[in-house]
């Protein structure tokens, strides 16, 4: 649940100055996020010759070692959608993903990472962690924790919490 | 300049737990940003039958009342790019944007909002401010200020500061 000291009644936040401050916060958050995302896209391209949508698909499959139905994969993708079907076709062609039948359901197929796919993703994920740390490591642990707590407050107030809070 | 208490030497932030914490922060920030952006897209569509890229183009032109060259417009767009040329064509067809010659340069044209375009954008911007306030108004002014300050620290450390910090 959200930290009470980060909540306030709607009435206190409707002055024009505070509305402008909310807008300033949002534009800054959007700018920072877009820049970090662009940095990650660029590094994935240069260091692994890959794309963010492909990375996101592999991240989702990595979390579900048994595999996912295509519909489950689409809903597990928290970040970018891209063309999931096209990405899976490429991953299959590259030997990183296998299609496997579902026991007891002749028509359903699961997609899951092969051993090669898991190894490929592990290498990218390790590099990704270091890139993220290079960016957010400028914050003290306390500032990081405060930022997480403030984002939690926003998530809860927006009903964005899904219960599925695993990290990639 | 960044708040010294939010900075730390790289050496303190390389423990696996802190790297995971940075990753958690980034995934949370990305998720919150994507959800807010999706909310704004949806509201623009429902309430104004318009798109986020069109809103962003109009926001940039609104800030530069004298008009912009197409190249200036593209670099002024901080948020989404979309197909800027296509968006301008539509805005011209809708009477919201005018193309005007540049004094002393026969080949150059500026694009600028018409009176109708400025009024249309004003209405959308006022609604946009209220949507943002409905989301971020759950934070106390102090939490908002802290979040802005932490984002500033990240911006400075990333060299994201451009000097052009006007709000839309």
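Protein chains in written order, with our numbering: chain A, 1 to 168; chain B, 1001 to 1168.
Ideal Cβ positions, reconstructed from N, Cα and C, are used throughout, including at glycine.
Item, Value
"Just to confirm, are residue 1097 of chain B and residue 1111 of chain B a CB contact at a threshold of 9 Å?", "yes"
"Look up residue 1070 of chain B in the DSSP assignment and say whether it is helix, strand or coil.", "helix"
"Kindly indicate if chain B contains any beta-carbon less than 9 Å away from that of residue 36 of chain A.", "yes"
"In the DSSP assignment, the beta strand (DSSP E) including residue 108 of chain A goes from what residue to what residue?", "105–113"
"Anything in chain B within Cβ reach of residue 133 of chain A, meaning under 8 Å, just list it in chain order.", "1013, 1014, 1018, 1019, 1022, 1023"
"How big is the Cα-Cα spacing for residue 129 of chain A and residue 1017 of chain B?", "11 Å"
"To the nearest angstrom, report how far apart residue 40 of chain A and residue 1074 of chain B are at their CA atoms.", "22 Å"
"Applying the criterion that 16 or more other CB atoms from any shown protein chain within 10 Å of the CB defines a buried residue, is residue 1144 of chain B buried or exposed?", "buried"
"Determine contact between the segment 1040–1051 of chain B and the segment 1059–1075 of chain B, defined as no fewer than three beta-carbon pairs at a distance below 8 Å.", "no"
"With 16 other CB atoms within 10 Å as the buried threshold, where does residue 107 of chain A fall?", "exposed"
"Inspect the beta-carbon positions of residue 1139 of chain B and residue 19 of chain A and report whether they are closer than 9 Å.", "no"
"Between residue 1108 of chain B and chain A, is there a C-beta pair that is closer than 9 Å?", "no"
"Are any of the Cβ atoms in chain A nearer than 9 Å to that of residue 1032 of chain B?", "yes"
"Considering only their Cβ atoms, is the gap separating residue 91 of chain A from residue 117 of chain A smaller than 9 Å?", "yes"
"Taking the continuous beta strand (DSSP E) assigned at residue 1018 of chain B, which residues delimit it?", "No beta strand (DSSP E) contains residue 1018 of chain B, which is instead part of the alpha helix (DSSP H) from 1016–1048."
"Does residue 98 of chain A come out as helix, strand or coil in the three-state DSSP assignment?", "strand"
"Have a look at A:86, A:121, A:35, A:27 and flag the residue whose alpha-carbon is nearest the alpha-carbon of residue 1157 of chain B.", "A:35"
"Would you mind telling me which residues of chain B sit closer than 8 Å to residue 148 of chain A, beta carbon to beta carbon, in chain order?", "1021, 1024, 1025, 1028"
"Beta-carbon separation of residue 1155 of chain B and residue 31 of chain A under 9 Å?", "yes"
"Within the continuous alpha helix (DSSP H) that includes residue 1147 of chain B, where are the two ends?", "1141–1158"
"Nearest-angstrom Cα distance between residue 99 of chain A and residue 25 of chain A?", "44 Å"
"Which of the three DSSP states is assigned to residue 1137 of chain B in this structure?", "coil"
"Could you check whether residue 1052 of chain B and residue 1121 of chain B sit closer than 9 Å to each other, using their CB atoms as the reference points?", "no"
"Determine whether the Cβ of residue 152 of chain A lies closer than 9 Å to any Cβ atom of chain B.", "yes"
"Out of curiosity, what's the CA-to-CA distance linking residue 29 of chain A and residue 133 of chain A?", "18 Å"
"Here's the rule I'm using: 16 or more other beta-carbon atoms within 10 Å means buried, otherwise exposed. How should residue 1137 of chain B be labelled?", "buried"
"The alpha helix (DSSP H) with residue 1055 of chain B in it runs from where to where?", "1052–1063"
"Just tell me which of A:101, A:21, A:59 has its CA closest to the CA of residue 126 of chain A.", "A:59"
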